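Novice:
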Amino acid sequence: MAKLKRVFNVSVPNREALINLMEALTRIPADITAESRLYSVRISVYGTKEEIREISKKIAELSSPQVS
């Protein structure tokens, strides 16, 4: 299968959330590159269609606000 690329842009509310998201991305076993700006992260994911679907679910979980 051909490798595909999908780009996600994720907004974060503060620097602490940015650091936490970047650390969490390093724990995902996938071909990912992430570039951070002040309050956003651009995440590029490479893989098959199924791999990208699974990783996008994980990224959505990581970037959603946590309820205390």
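Number 3 in this note's numbering belongs to position 3 of the sequence shown; there are no gaps in the numbering. Every residue gets a Cβ at the ideal spot worked out from N, C-alpha and C, and that includes glycine. Given the structure is predicted, the values throughout are model-derived calculations rather than measurements.
Would you kindly work out how many angstroms separate the C-alpha atoms of N9 and I19, rounded to a whole number?
Specialist: Within the sequence shown, the letter at position 9 stands for residue 9. Within the sequence shown, the letter at position 19 stands for residue 19. Cα to Cα, the separation comes out at about 15 Å.
Novice: I need the boundaries of the alpha helix (DSSP H) containing R53, first residue and last residue.
Specialist: Locating residue 53 in the sequence shown gives position 53, counting from the first residue. Looking at the DSSP string, the run of the alpha helix (DSSP H) that includes R53 is K49 to S63.
Novice: For L4, write down the residues that DSSP places opposite it in a beta bridge.
Specialist: Taking the first residue of the sequence shown as 1, we reach residue 4 at position 4. Its beta-bridge partners are G47.
Novice: Could you tell me the boundaries of the beta strand (DSSP E) in which A24 lies?
Specialist: Working through the sequence shown from its first residue, we reach residue 24 at position 24. Premise fails: A24 lies in the alpha helix (DSSP H), R15 to T26, not in any beta strand (DSSP E).
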